[in-house]
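> Just so we're aligned, residue 45 is where the sequence shown starts under the working numbering, counting upward by one. The structure follows.
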Amino acid sequence: MKKNLVLGLGFGLGGVIATLSIIQMGLMAYNMKINNNQKK
Numbered sequence: 045m046k047k048n049l050v051l052g053l054g055f056g057l058g059g060v061i062a063t064l065s066i067i068q069m070g071l072m073a074y075n076m077k078i079n080n081n082q083k084k
C-alpha cells in the first residue's frame with residue numbers, strides 16, 4: 045500500500061514538472077515570436 049502511494053506521488057510530481065517545462069518552453073517560444081514581430 046505504501047509503495048503504491050510513493051509511486052503515485054512520484055508520477056504526480058513528474059507530471060507536474062513535465063507540464064511546467066512544456067508551459068515554460070511555450071512561453072519562451074511565444075516571447076521570441078513577439079520580439080521578432082516588434083523588430084519589423
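Cβ atoms here follow ideal geometry from the backbone N, Cα and C, with glycine treated the same way.
Cα separation between G56 and M76?
Going from the Cα of G56 to the Cα of M76 covers about 30 Å.
> Determine the DSSP secondary structure at M45, reduced to helix, strand or coil.
Coil, per DSSP.
> To the nearest angstrom, report how far apart Q68 and K47 are at their CA atoms.
Q68 and K47: Cα-Cα distance of roughly 31 Å.
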